[in-house]
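Here my numbering is used: the first residue of the sequence shown is 653, the next is one more, and so on.
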Amino acid sequence: MTDSAPLEAFADVEAMSRAAAARVVESARAAAAARGRFSLALSGGRTPRRLYELLAEAELPWDRVHFFWGDERCVPRGDAASNYRLASETLLSKIPARPENVHAMPCDPAAPEAGAQAYEETVRAFFHGSDASFDLVLLGLGPDGHTASLFPGEPALAEASRWVAVSSGRSASPPVPRLTLTFPGLAAAREALFLAAGAAKRALVDAAVAGGADFPAARVRPRGGVRWLWSEAE
Ligand code: 6PG
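Encoded structure:
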């Protein structure tokens with residue numbers, strides 16, 4: 653997939669997930685070889701489930717993979733809405749990931765700002781204050797054009813320096829506070845890989861790929877570029 657176009661369309665989620673898994677594996681092996689580690693930011697929602705299941709079957713230097721999240725709902729980790737739970741059930745519980753390499757977002761709904769600050773420190777320390785962030789960020793697309801927990805109208809969209817912020821999540825489902833990577837945090841990544849499924853999202857995907865659109869997913873501009881994978885079937 654190294655020479656793929658910014659957008660690849662697939663008939664179904666299985667084919668899209670297999671292509672995404674191939675890209676993650678390629679990126680992981682290259683990063684581990686070049687820098688001795690691979691930093692991957694996971695997305696939430698329903699779409700990445702099959703990708704995570706496929707990654708659980710992949711041959712990777714798992715002891716050198718560091719897992720982060722692009723966003724997290726401020727719910728208990730065992731809650732069905734938890735992005736951590738999604739990744740844990742489908743991937744982390746099935747591979748020899750080192751516990752110290754799993755960097756979950758700490759979000760107490762009573763004090764989300766403290767969680768954002770703590771995760772900011774975690775991410776900054778991991779990258780030793782460099783201006784670069786994740787090797788690869790997985791992202792989804794909401795019907796309102798959001799990605800991670802960067803929802804239209806959220807003050808987090810205006811964050812110009814911190815890499816992690818609080819999102820009220822008022823317009824989300826579930827409508828709970830969330831932590832999210834910000835545009836600066838996403839811009840510092842080497843690459844972003846979007847997965848979107850369903851005919852209803854095609855117009856948004858095309859607008860994001862074409863450039864010039866201003867909904868949140870269209871404004872993600874990592875240093876290494878963006879790839880969009882879209883499945884016609886949900
Ligand atoms: C979240 C996700 C969110 C998701 C989109 C698409 O925590 O909800 O990070 O940004 O990727 O809402 O969700 P689906 O994959 O379920 O369509």
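Here a beta-carbon is modelled for each residue, glycine too, at the ideal position from N, C-alpha and C. Keep in mind it's a predicted model, so treat the numbers as computed, not measured.
Element boundaries [alpha helix (DSSP H), containing residue i]
| i | result |
| --- | --- |
| Val717 | Here Val717 belongs to no alpha helix (DSSP H); instead the beta strand (DSSP E) covers Val717 to Trp721. |
| Val775 | Pro764 to Phe778 |
| Val754 | From DSSP, Val754 is part of no alpha helix (DSSP H); its letter is neither H nor E. |
Contacts around residue i, its chain only, beta-carbon distance under 7 Å, and the 5 residues preceding and following it disregarded
| i | result |
| --- | --- |
| Arg737 | Arg729, Gly730 and Asp731 |
| Phe779 | Ser785 |
| Ala684 | Phe690, Pro713 and Arg716 |
| Met653 | Unreliable positioning characterises Met653 in this predicted model, as indicated by a pLDDT of 41, which lies under 50. The coordinate reading is nonetheless provided below. Closer than 7 Å at the Cβ level, and outside the excluded window around Met653, lie Ala671, Ala674, Arg675 and Glu678. |
| Leu838 | Val789, Ala844, Val872 and Pro874 |
| Ala710 | Ala673 and Val677 |
| Ser865 | Sequence inspection shows Ala at residue 865; the Ser mentioned does not correspond to that position. Contacts found: Ala859. |
| Tyr771 | Met757, Pro758, Val816 and Leu831 |
Spatial neighbours of residue i in its chain, beta-carbon cut-off 6 Å, leaving aside the 5 residues before and after
| i | result |
| --- | --- |
| Ser691 | His718, Phe786 and Asp787 |
| Ala860 | Ala869 and Ala870 |
| Glu660 | Leu881 |
| Arg702 | Val665 and Ser669 |
| Lys597 | Since the first residue of the chain shown is 653 and the last is 886, residue 597 is not available in this structure. |
| Val806 | Checking the sequence, you will find Glu at residue 806 rather than Val. For Glu806, where only same-chain residues beyond five positions count, the Cβ hits under 6 Å are Ser819. |
| Glu811 | Ala817 and Thr834 |
Classification of residue i by the beta-carbon crowding that lies within 10 angstroms, buried from 16 upward
| i | result |
| --- | --- |
| Pro764 | buried |
| Arg873 | exposed |
| Glu752 | exposed |
| Glu773 | exposed |
| Val818 | buried |
| Glu724 | buried |
| Ser740 | buried |
| Arg698 | exposed |
| Ser813 | exposed |
| Pro748 | exposed |
| Gly797 | buried |
Beta-carbon separation (whole angstroms), residue i vs residue j, contact threshold 8 Å
| i | j | result |
| --- | --- | --- |
| Ala733 | Pro826 | 5 Å |
| Leu790 | Leu845 | 6 Å |
| Val828 | Pro761 | 6 Å |
| Arg879 | Pro700 | At roughly 14 Å, the Cβ-Cβ gap does not stay under 8 Å, so Arg879 and Pro700 are not in contact. |
8 Å CB neighbourhood of residue i in its chain, flanking five on each side removed
| i | result |
| --- | --- |
| Ala885 | Ala663, Asp664, Val665, Ala849 and Gly850 |
Where the beta strand (DSSP E) containing residue i begins and where it ends
| i | result |
| --- | --- |
| Thr832 | Arg830 to Leu833 |
| Arg879 | Val878 to Ser883 |
| Ala840 | It is not in any beta strand (DSSP E) - Ala840 carries neither H nor E in the DSSP assignment. |
| Glu711 | Where Glu711 is concerned, there is no enclosing beta strand (DSSP E), given that its DSSP letter is neither H nor E. |
| Ser691 | Phe690 to Leu694 |
| Leu743 | Element bounds for Leu743: n/a, residue is neither H nor E. |
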